[in-house]
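Position in the sequence shown (from 1) plus 167 gives the number in my numbering.
Idealized CB from N, CA, C, for every residue including glycine.
Below: the structure, in structure tokens.
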Amino acid sequence: MKNKKNLIVGIGSALVDILAQEDDHFITRSGAVRGGMQLVEHERIESLFSQLSGGHKVVPGGSACNTVLGVGRLGGSARFVGKCGDDDFGELFRRSLSSHAVEPALFSSEKPTGRVLSIITPDAQRSMLTYLGASAETAPEEVESGVFNGASIVHVEGYLVFNRKLLERTLVAAKDAGAKISLDLASHNVVMENRDYVTGLVSDFVDILIANEDEAEAYTGLRDEAEALEKLAEKAAVAALKMGPRGSMIKAEGRVVVVKARGDGTALDTTGAGDLWAAGFLYGMALGLDLAKCGELGSACGHEVCQVVGAHIPDEGWKRIRSLLPELYDTETHVI
């Protein structure tokens with residue numbers, strides 16, 4: 168096992184992603200929230216699965232899982248906490264964690280493994296329909312501080328607001344273990360529906376707050392990104408605002424760092440872009456890199472995942488990312 172000095176533990180929904188490239192008409196027929204996430208029952212996701220027009224791809228997913236898989240591929244020490252079913256999808260999930268250098272801390276359920284139908288439209292946007300299944304069965308009493316032992320950072324996905332008792336137990340257990348807590352707001356509609364609750368959690372527990380433009384607006388009520396970042400940073404020691412092809416802004420200790428995106432902004436698919444950005448950013452923080460270097464590493468991971476369908480960067484992409492590590496002192500950043 169790797170040295171856990173810089174261990175990052177992710178907790179969230181253990182899901183498999185069903186990646187399907189469809190047109191705008193499918194979005195309308197499915198009732199999906201464009202660019203967002205909607206919870207559905209097992210019967211509905213099975214029905215939509217049968218209506219897919221062409222080929223599809225099935226890979227392990229879930230926001231926090233995508234992030235810690237990225238940490239493992241970067242060479243970091245990573246662990247994932249979640250629950251899946253005793254079925255083929257569950258076995259695929261377990262095998263994938265181990266094969267990508269992530270320590271599984273998985274509970275089992277009689278329910279089917281959860282899944283996400285990620286509908287990818289020609290504009291590279293993804294709209295998600297989620298059946299939580301076994302992933303929603305994780306009980307608060309199963310999450311003891313021991314699962315976070317040795318963690319420098321515990322990364323929590325915003326989707327856990329659907330299981331508030333589990334989320335609250337997670338935050339307390341992570342603090343008891345001496346870890347910093349990172350929260351990714353995950354989806355603008357999730358934030359809109361739970362804004363007061365999420366704001367309270369950030370104030371009480373969160374050290375690192377991560378959001379994209381839509382999530383930041385939903386959380387703060389502010390459309391101006393600089394103003395939204397200021398609001399994000401009021402209660403969290405570190406606030407990161409992801410702006411897609413326009414890069415990112417990060418605030419900590421009174422400083423704002425602006426990091427340019429890598430590449431020319433073209434994307435085949437944006438699935439997992441925010442999750443992989445978080446992987447690079449948090450890995451850099453666990454190593455003690457400064458904000459600019461953390462943002463640069465996040466941008467590199469986010470760029471590479473946008474060049475493929477799904478949230479899994481191929482080996483060649485990881486080689487390009489790792490080759491940047493010695494060059495992080497030469498980032499295209501400036502400090503305001």
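Collapsed DSSP secondary structure at residue i in the structure displayed
| i | result |
| --- | --- |
| F242 | Residue identity check: residue 242 is Gly in the sequence provided, not Phe. Residue state, collapsed to three classes: coil. |
| S319 | strand |
| H479 | coil |
| C473 | coil |
| P279 | coil |
| V502 | Bear in mind that the predicted position of V502 carries a pLDDT of just 42, short of 50, making it unreliable; the figure below should be weighed with that in mind. V502 falls in the strand class under three-state DSSP. |
| V369 | helix |
| V328 | helix |
| G252 | strand |
| G313 | helix |
| D442 | helix |
| E401 | coil |
| A340 | helix |
| R390 | coil |
| S266 | helix |
| S302 | helix |
| T437 | coil |
| Y496 | Unreliable placement is indicated for Y496, whose pLDDT of 37 sits below 50; no coordinate value is reported for it. |
| L333 | helix |
| E291 | The residue asked about is misnamed: residue 291 is Ala in this sequence, not Glu. A291: coil per DSSP, three-state reduction. |
| L454 | helix |
Counted within 10 angstroms of its Cβ, other Cβ atoms place residue i as buried (16 or more) or exposed
| i | result |
| --- | --- |
| E463 | buried |
| S266 | exposed |
| A306 | exposed |
| T486 | Per the sequence shown, residue 486 should be read as Lys rather than Thr. Burial call: exposed. |
| K355 | Note that residue 355 is His in the sequence shown here, rather than Lys. Under this definition H355 is a buried residue. |
| K332 | exposed |
| R196 | exposed |
| A378 | buried |
| T433 | exposed |
| H192 | exposed |
| L367 | Leu is not the amino acid found at residue 367; the sequence shown has Gly there. Counting Cβ neighbours within 10 Å, G367 comes out exposed, since fewer than 16 surround it. |
| Y386 | buried |
| S294 | buried |
| A393 | exposed |
| D507 | Because the chain here runs from 168 to 503, residue 507 falls outside it and cannot be looked at. |
| S220 | exposed |
| S490 | exposed |
| E308 | exposed |
Best match in the options for proximity to residue i [C-alpha to C-alpha]
| i | options | result |
| --- | --- | --- |
| G430 | M452, K398, V225, G469 | G469 |
| Y215 | L352, G421, L296 | One point to set straight first is that residue 215 is Leu, not Tyr, in the sequence displayed. Closest by alpha carbon: L296. |
| I175 | L492, G484, A453, I488 | A453 |
| S285 | H322, I212, A231 | I212 |
| V405 | I348, K486, S263 | I348 |
| H209 | V269, R262, R282, H192 | R282 |
| G229 | L408, R362, A353 | A353 |
| K278 | A346, G257, C473 | G257 |
| E304 | V248, L338, M359 | V248 |
| V472 | L236, G455, E397, Q218 | L236 |
| G239 | C232, T366, A268, R262 | A268 |
| V358 | D381, K427, A428 | D381 |
| L206 | F274, H322, N330 | N330 |
| A445 | Q218, L219, C232 | C232 |
| V365 | G345, A346, D391, L338 | L338 |
| N173 | E311, S276, H322, A272 | H322 |
| A435 | P412, E392, A459, E308 | Checking the displayed sequence, the identity of residue 435 turns out to be Leu instead of Ala. Cα-wise, what sits closest to L435 is P412. |
| L399 | S275, R362, A459, A428 | R362 |
| A341 | D351, E311, E360 | E311 |
| G441 | L273, E308, G465 | G465 |
| L456 | A428, L492, L389 | L492 |
One or two residues paired with residue i in a DSSP bridge
| i | result |
| --- | --- |
| E384 | Looking at the DSSP assignment, E384 forms no beta bridge with any residue, so it has no partner. |
| Q205 | L296 |
| P271 | F247 |
| M416 | L408, V425 |
| A187 | H223, I286 |
| K347 | I320 |
| N379 | K409 |
| L174 | A318 |
| L464 | DSSP output for L464 lists no bridge partner at all. |
| L182 | G228, G281 |
Any C-beta of chain D under 8 Å from that of residue i
| i | result |
| --- | --- |
| I185 | Going by chain labels, chain D is absent from the structure shown, which holds only one protein chain. |
Exercise for review: Check whether the stretch 299-306 touches the stretch 240-252, counting contact only when three or more Cβ pairs, one atom from each stretch, lie closer than 8 Å.
Suggested key: yes
Practice item. Examine the Cβ distances between the stretch 240-247 and the stretch 444-451 and report whether three or more of them are shorter than 8 Å. Key: yes
Check your understanding: For the 8 Å Cβ check, are there 3 or more pairs between the stretch 180-191 and the stretch 207-226?
Key -> yes
Check your understanding: Does the pairing of the stretch 364-377 with the stretch 199-208 give three or more beta-carbon distances under 8 Å?
Key -> no
Check your understanding: Do the stretch 325-337 and the stretch 173-182 meet, that is, are 3 or more Cβ pairs less than 8 Å apart?
Key -> yes
Practice item. Check whether the stretch 418-427 touches the stretch 473-486, counting contact only when three or more Cβ pairs, one atom from each stretch, lie closer than 8 Å. Key: no
Review point. When the Cβ atoms of the stretch 287-294 are set against those of the stretch 304-322, are three or more pairs found closer than 8 Å?
Key: no
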